[in-house]
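Novice: Those letters in the sequence shown? Residues 3 to 235, by our numbering. Where is the CB? At the ideal position from N, CA and C, for every residue including glycine. Note that the structure is predicted; figures quoted are calculated from it, not measured.
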Amino acid sequence: MNSARRLGLTDIAFTDHDRYHAGIDFDEIDHLRERNPDLRIRAGIELDNDPIHSAAGRNWIEKHWDRLDFVLGSIHFLDQADQMFDSVPDGASQFEGRNIDVIYADYFHRVREIATTGLIDCLAHLDLIKIHGHRPSAEIGCLVNETLDFIRAQNLAIELSTAGLRKPVNEGYPGDPIIVLAMKKGIPFTTASDAHSHVQLGDNFPCLAHRMASFGIRKVCIFEKHKRALHAW
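What follows is the structure, given as structure tokens:
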């Protein structure tokens, strides 16, 4: 909480991965809200496509839907059930000797699948597949366009994340072309640093603010009990 105050943040969210749902304590979050009335504290969770744990995660989300402010959707697994492709550096081995265009197509297909579950409010780090710096050789505009149409049809938001600036790819999620296309489709944005500790809270937000201003993004969406509202930042 003190880290948020030092950074001038007034709205923060806890969004642990669904595989760790057993550790989410809504009562403790309520106590934090009571003790920190100057901060708006959101209760969230990130649902991904973990082939081992996500079925239980989805059941947990359905059971606790009314206590959650929002649910992030993400893809962390390709065809290796015991390793997230975005683990650094080990996950990079999943790309070695493979057709990167095929991997990208598979990834965005999985994004579309999770976008239609009916259990999420926002897509996290939409082009996470670039994390290790691998780029497709083919134009992926049609692939991205189709994915964004899915997202728009489900009335979901997209996260603007600074986490990629801490990764080998060294750029934010998503890339500029995706942001431009999403704006044309009227898809709203949230902001995130994807902090895994208080030290990373708000990481590179000045850079994000500059980036958003360059695109003319003046409002971001905030969720409360899954209801979305746009606020000027």
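When the Cα of Phe79 is compared with those of His55, Cys144, Gly99, Ala215, which residue comes out closest?
Specialist: Your numbering for residue 79 matches position 77 in the sequence shown. Nearest C-alpha to Phe79: His55.
Novice: Can you tell me where the beta strand (DSSP E) holding Phe225 begins and where it ends?
Specialist: By one-based count along the sequence shown, residue 225 stands at place 223. Here the beta strand (DSSP E) through Phe225 covers 221-226.
Novice: Following the continuous beta strand (DSSP E) through Ile160, name the residue where it begins and the one where it ends.
Specialist: Within the sequence shown, the letter at position 158 stands for residue 160. Here the beta strand (DSSP E) through Ile160 covers 159-163.
Novice: Exposed or buried, Ala126, counting other C-beta atoms within 10 Å across all chains shown (16 or more means buried)?
Specialist: Walking along the sequence shown from the start, residue 126 turns up at place 124. Buried, because 16 or more other Cβ atoms sit within 10 Å of the Cβ of Ala126.
Novice: Got a sec, what are the start and stop residues for the beta strand (DSSP E) Lys229 sits in?
Specialist: Residue numbering aside, residue 229 sits at position 227 when the sequence shown is read from its first letter. Counting along the chain, the beta strand (DSSP E) containing Lys229 begins and ends at 229-234.
Novice: Find the nearest neighbour of Arg44 within the set Arg213, Trp235, Pro208, Ala194, judged by alpha-carbon distance.
Specialist: Start at 1 with the first residue of the sequence shown, and residue 44 comes out as number 42. Among Arg213, Trp235, Pro208, Ala194, the Cα nearest to that of Arg44 belongs to Ala194.
Novice: Could you give the DSSP three-state label for Glu141: helix, strand or coil?
Specialist: Position 139 of the sequence shown holds residue 141. Three-state result, Glu141: coil.
Novice: Hey, could you find the ends of the alpha helix (DSSP H) Ile116 is sitting in?
Specialist: Looking up residue 116 in the sequence shown gives position 114. Taken as a continuous stretch (DSSP letters only), the alpha helix (DSSP H) holding Ile116 covers 102-117.
Novice: Alpha carbon to alpha carbon, what distance is there between Gln82 and Asp103?
Specialist: Locating residue 103 in the sequence shown gives position 101, counting from the first residue. Locating residue 82 in the sequence shown gives position 80, counting from the first residue. Asp103 and Gln82: Cα-Cα distance of roughly 18 Å.
Novice: So, with DSSP's three-state summary, where would you put Val90?
Specialist: Position 88 of the sequence shown, counted from the start, is the residue given in the question as residue 90. Of the three classes helix, strand and coil, the one that applies to Val90 here is coil, per DSSP.
Novice: Compare the C-alpha of Leu150 against each of Pro176, Phe207, Asp29 and name the closest.
Specialist: Translated into positions along the sequence shown, residue 150 becomes position 148. It is Pro176 whose Cα lies nearest to the Cα of Leu150.
Novice: Just verifying my parser: in three-state terms, what is the DSSP assignment at Ile14?
Specialist: Translated into the one-based positions of the sequence shown, residue 14 becomes position 12. Strand at Ile14.
Novice: Does any residue of chain B bring its CB to less than 9 Å from the CB of Cys124?
Specialist: Any reference to chain B falls outside this structure, which holds one protein chain only.
Novice: Given a threshold of 16 other Cβ atoms within 10 Å of its Cβ, counted over all protein chains shown, does Thr12 qualify as buried or as exposed?
Specialist: As a working note, residue 12 is residue 10 in the sequence shown. It is exposed - the Cβ of Thr12 has fewer than 16 other Cβ atoms within 10 Å.
Novice: Would Leu130 and Asp88 qualify as a contact pair, given that the criterion is a beta-carbon distance under 9 Å?
Specialist: Position 128 of the sequence shown holds residue 130. Position 86 of the sequence shown holds residue 88. Yes. Within cutoff.
Novice: Here's the rule: buried if 16 or more other CB atoms are within 10 angstroms of the residue's CB, otherwise exposed. What is Tyr106?
Specialist: One-based indexing of the sequence shown puts residue 106 at position 104. Buried, since its Cβ has 16 or more Cβ neighbours within 10 Å.
Novice: Just checking my contact of Cys124 with Leu49 at CB under 8 Å: how many whole Å lie between their CB atoms?
Specialist: Locating residue 124 in the sequence shown gives position 122, counting from the first residue. Locating residue 49 in the sequence shown gives position 47, counting from the first residue. Between Leu49 and Cys124 the Cβ distance is about 11 Å, and since that is not below 8 Å, they are no contact.
Novice: Would you mind sorting Ala165 into buried or exposed? The rule is 16 or more other CB atoms within 10 Å of its CB.
Specialist: By one-based count along the sequence shown, residue 165 stands at place 163. By the neighbour-count rule (16 or more Cβ atoms within 10 Å), Ala165 is buried.
Novice: At 4 residues or longer, and completely inside the region 6-66: list those alpha helix (DSSP H) runs for me, N to C.
Specialist: Qualifying alpha helix (DSSP H) stretches, in chain order: 28-37, 56-65.
Novice: With a 10 Å radius around its C-beta and 16 neighbouring C-beta atoms as the bar for buried, classify Gly135 as buried or exposed.
Specialist: The residue labelled residue 135 in the question sits at position 133 within the sequence shown. Exposed: under 16 other Cβ atoms inside 10 Å.
Novice: Given Leu158, which residues of its chain have a CB within under 8 Å of its CB, disregarding the five upstream and five downstream residues?
Specialist: As a working note, residue 158 is residue 156 in the sequence shown. Excluding positions up to five away in sequence, the list reads Gly75, Ala117, Ile122, Asp123, Cys124, Leu125, Ile189.
Novice: Using the Cα positions of Ile47 and Ala6, report the straight-line distance between them to the nearest angstrom.
Specialist: The count along the sequence shown starts at 1 and reaches residue 47 at position 45. The count along the sequence shown starts at 1 and reaches residue 6 at position 4. For the pair Ile47 and Ala6, the Cα-to-Cα distance works out to about 19 Å.
Novice: Assign Gly166 to one of three DSSP states: helix, strand, or coil.
Specialist: For the purposes of this step, residue 166 is taken as residue 164 along the sequence shown, with counting starting at 1. Note: Gly166 maps to helix in three-state DSSP.
Novice: Do you know whose CA, among Phe225, Leu203, Ala234, lies nearest Met3's CA?
Specialist: Counting from 1 along the sequence shown, the entry for residue 3 is found at position 1. Residue Leu203 is the option with its Cα nearest to Met3.
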